[in-house]
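K.L.:
Protein chains in written order, with the working numbering: chain H, 1 to 215; chain E, 216 to 430. Yeah, the Cβ is synthetic: ideal placement off N, Cα and C, and Gly gets one too. It should be emphasised that the depicted structure is a prediction, and the values quoted were computed from it without experimental measurement. Have a look at the structure that comes next, please.
There are 2 protein chains.
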Amino acid sequence: MTSMAPAPTESADAAVPTAKLGLRERKKIQTRQAIRRTAYRLFEAQGYDATPVDQIAEEAEVSPSTVFRYFPTKEDIVLTDEYDPMVEQSLRDRPPGESPVTALREALSSSLSRVYETDAAETFQRIRLIREVPALRGRMSEHSADTAQVLMNALSERTGRAVDDLELRIVTAAMLGALTEAMFSWVDSGMSGDLEDLRALVARALGVLERGLTL
Amino acid sequence: MTSMAPAPTESADAAVPTAKLGLRERKKIQTRQAIRRTAYRLFEAQGYDATPVDQIAEEAEVSPSTVFRYFPTKEDIVLTDEYDPMVEQSLRDRPPGESPVTALREALSSSLSRVYETDAAETFQRIRLIREVPALRGRMSEHSADTAQVLMNALSERTGRAVDDLELRIVTAAMLGALTEAMFSWVDSGMSGDLEDLRALVARALGVLERGLTL
DNA sequence: ACGGCGATGACAGTAACTCTCAAAAGAAAG
DNA sequence: CTTTCTTTTGAGAGTTACTGTCATCGCCGT
């Protein structure tokens with residue numbers, strides 16, 4: 001896996017400055033990208049379940065062991081991202097006076113936009129995959145739990161409530177759940193994949209929550 | 216909470232009624248019970264991940280094939296139940312004038328009580344397992360999706376909204392999510408396993424939603 | 001009593017991991 | 001540039017959760 005096209009397109013997890021990194025680090029990033037891109041391509045072509053890890057490894061020109069070293073599970077190839085720090089920062093950047101829900105809403109909303117702008121096509125494909133493959137949907141809840149934890153930590157400081165406070169957990173769970181539904185709804189109907197559509201759906205979804213679930 | 220599984224309520228040692236069932240049917244119920252009980256016992260003793268299906272099969276005195284015939288996946292041994300029809304019925308029994316959220320809340324709340332009364336100990340152990348084992352947590356979201364679908368169908372009739380209406384999905388997702396958090400909170404803290412504690416937690420959780428997530 | 005059919009078990013096969021270990025390759029030091 | 005240290009990689013063997021097939025066994029209706 002030495003020589004491969006430099007591949008200018010920077011992918012989702014590549015919001016990293018490749019500048020002053022050692023060769024080792026750069027190669028790791030490349031390998032990670034190669035695996036992920038290959039996987040996405042194959043998933044697209046023949047389906048997630050019908051694509052064995054061995055094939056991904058082969059076409060990405062690495063050994064199966066390496067794939068598992070980078071992604072502990074096959075699901076992680078699709079689900080792994082490093083947006084949590086960004087979301088956390090967005091939340092901490094909200095003015096202290098703001099109500100928790102508003103802060104959360106704005107933080108999530110702006111993060112979503114940034115993610116989308118970073119790599120629109122892959123984001124869309126990713127959400128669609130998660131939406132369609134049961135195994136991925138299931139696993140996503142575990143990943144969401146991590147994000148939820150990050151949000152709860154920030155919200156805990158902001159409100160003075162305990163990090164494991166039930167109300168706090170409900171609020172985060174509800175918001176993340178609504179966000180997920182909005183994203184699913186997005187890939188379901190509007191095949192356009194337009195950001196504005198997504199924003200509108202998210203606004204509707206969070207609106208329902210803020211209105212106390214009134215239909 | 217998922218569908219399928221014809222088996223009637225299977226309580227602890229309470230002799231299964233099964234009056235006018237053929238021997239075949241009775242054996243099936245017994246086998247199902249044997250597998251599940253053995254599994255729960257082993258999970259309790261040595262942990263979920265550390266318990267291979269082969270061992271469950273051996274100790275339940277059936278072949279591994281049979282285990283998979285009764286439970287498509289190992290997770291299903293813990294997650295499969297037949298409460299969905301009951302929840303649906305509860306919801307349909309609510310007066311038509313009632314607001315969707317109230318109806319949903321009452322339906323879920325009463326169903327929860329009935330489930331608990333059916334088999335308190337196993338319910339508690341089950342929730343604890345789901346709470347603690349990541350694989351189960353993940354898979355549960357798929358099972359919840361089935362329940363959500365049932366609820367959305369009923370709510371759709373009740374409100375006249377489309378079954379895949381975003382607002383409807385948000386409401387159900389939020390309610391089920393809150394319910395889950397309440398149950399997790401229940402097994403987390405109150406090691407008592409008291410029903411009243413659960414009811415109180417559920418009330419708090421759903422209350423947060425109805426108050427528009429105000430903290 | 002018997003013949004059909006549903007349930008079971010034995011077996012072979014696949015795929016997702018896990019562990020170990022030795023070789024390859026970047027990094028640091030001389 | 002060479003040596004040495006450290007990290008990354010690949011190969012291979014093993015485990016486990018499934019999946020599919022097929023012969024057998026035994027309940028069930030006639």
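Taking Cβ positions, are H:Val62 and H:Thr147 nearer each other than 8 Å?
P.N.:
The answer is no: Cβ separation not under 8 Å.
K.L.:
Span of the alpha helix (DSSP H) holding E:Lys243?
P.N.:
Unbroken alpha helix (DSSP H) run through E:Lys243: Leu238 to Gln261.
K.L.:
Taking just the CA atoms, how far does E:Met398 sit from H:Gly103?
P.N.:
Looking at the sequence itself, residue 103 of chain H is Ala, so the reference to Gly does not match. One C-alpha to the other measures close to 27 Å.
K.L.:
Could you tell me whether the Cβ of E:Ile292 comes closer than 8 Å to any Cβ of chain H?
P.N.:
It does not; no Cβ of chain H falls within 8 Å.
K.L.:
Only counting the same chain, and skipping five residues up and downstream in sequence, which positions put a Cβ closer than 7 Å to that of E:Pro221?
P.N.:
Any answer about E:Pro221 is weak, because its pLDDT of 41 lies below 50 and its placement is not dependable; what the coordinates show is given next. Hits under 7 Å: none found.
K.L.:
I'd like the span of the alpha helix (DSSP H) that includes H:Pro85, first residue to last.
P.N.:
Start and end: Asp84 to Asp93.
K.L.:
Is it true that the stretch 70 to 79 of chain H meets the stretch 133 to 141 of chain H, where meeting means three or more beta-carbon pairs spaced less than 8 Å apart?
P.N.:
Verdict: yes, contact present.
K.L.:
Identify the contact partners of E:Arg203 in chain H, using a Cβ-Cβ distance below 9 Å as the criterion.
P.N.:
Examination of residue 203 of chain E is not possible in this model, given that chain E is present from 216 through 430 alone.
K.L.:
At what residues does the alpha helix (DSSP H) containing H:Asp188 begin and finish?
P.N.:
Unbroken alpha helix (DSSP H) run through H:Asp188: Leu166 to Asp188.
K.L.:
Would you please verify whether the beta carbon of E:Ser356 is less than 8 Å from any beta carbon of chain H?
P.N.:
With 8 Å as the cut-off, E:Ser356 counts as an interface residue toward chain H.
K.L.:
Please list the terminal residues of the continuous alpha helix (DSSP H) segment that includes H:Lys74.
P.N.:
From DSSP, the alpha helix (DSSP H) with H:Lys74 extends over Lys74 to Leu79.
K.L.:
Since E:Pro315 and E:Leu370 should fall inside the 8 Å C-beta cutoff, what is the C-beta to C-beta distance between them, to a whole number of angstroms?
P.N.:
Right, the Cβ-Cβ distance comes to about 6 Å (below 8 Å), so this counts as a contact.
K.L.:
Can you check whether the C-beta of H:Pro100 is within less than 8 Å of a C-beta belonging to chain E?
P.N.:
It does; some Cβ of chain E falls within 8 Å.
K.L.:
To the nearest angstrom, how far is it from the Cα of E:Gln261 to the Cα of E:Arg352?
P.N.:
Whole-angstrom Cα-Cα distance: 19 Å.
K.L.:
If we ignore side chains and look at the alpha-carbon of each, how far apart do E:Arg419 and H:Glu167 end up?
P.N.:
Cα-Cα distance, rounded: 8 Å.
K.L.:
Mind pulling the chain H residues with CB within less than 7 Å of E:Gly392?
P.N.:
In chain order: Ala173, Ala174 and Gly177.
K.L.:
Tell me whether the beta-carbon of E:Leu327 lies closer than 8 Å to the beta-carbon of E:Val386.
P.N.:
Contact flag unset, no.
K.L.:
Output the boundary residues of the alpha helix (DSSP H) element that contains E:Glu372.
P.N.:
Counting along the chain, the alpha helix (DSSP H) containing E:Glu372 begins and ends at Pro349 to Thr374.
K.L.:
In this structure, does DSSP put H:Phe71 in helix, strand or coil?
P.N.:
Note: H:Phe71 maps to coil in three-state DSSP.
K.L.:
Looking at chain H, is there any beta carbon in it that lies within less than 8 Å of the beta carbon of E:Pro349?
P.N.:
It does: the Cβ of E:Pro349 has a partner Cβ on chain H nearer than 8 Å.
K.L.:
Could you give the residue range of the alpha helix (DSSP H) that holds H:Glu58?
P.N.:
From DSSP, the alpha helix (DSSP H) with H:Glu58 extends over Val53 to Glu59.
K.L.:
Taking 8 Å as the threshold (C-beta atoms), are E:Tyr285 and E:Ile250 in contact?
P.N.:
Yes, these two residues count as a Cβ contact at 8 Å.
K.L.:
Going along chain E in order, which residues have a C-beta closer than 7 Å to the C-beta of H:Ser109?
P.N.:
Residues of chain E passing the Cβ test: none, with the nearest at roughly 15 Å.
K.L.:
Is any beta-carbon of chain E found at less than 8 Å from that of H:Glu210?
P.N.:
Yes - at least one Cβ of chain E is within 8 Å of the one on H:Glu210.
K.L.:
With C-beta atoms as the reference, is H:Thr31 less than 8 Å away from E:Leu430?
P.N.:
Against a cut-off of 8 Å, the Cβ pair of E:Leu430 and H:Thr31 comes out as no contact.
K.L.:
Do we get a CB-CB distance below 8 Å when we pair E:Gly353 with the residues of chain H?
P.N.:
By this cut-off, E:Gly353 is an interface position.
K.L.:
Could you tell me the distance, in whole angstroms, from the CA atom of E:Asn368 to the CA atom of E:Val378?
P.N.:
Whole-angstrom Cα-Cα distance: 6 Å.
K.L.:
Could you check the C-alpha separation between H:Gly193 and H:Leu42 for me, to the nearest Å?
P.N.:
Answer to the nearest angstrom: the Cα atoms are 21 Å apart.
K.L.:
Going by DSSP, what residue range makes up the alpha helix (DSSP H) through H:Leu198?
P.N.:
From DSSP, the alpha helix (DSSP H) with H:Leu198 extends over Leu195 to Glu210.
K.L.:
According to DSSP, is E:Leu319 helix, strand or coil?
P.N.:
In the structure shown, E:Leu319 sits in a helix (DSSP, three-state: H, G or I).
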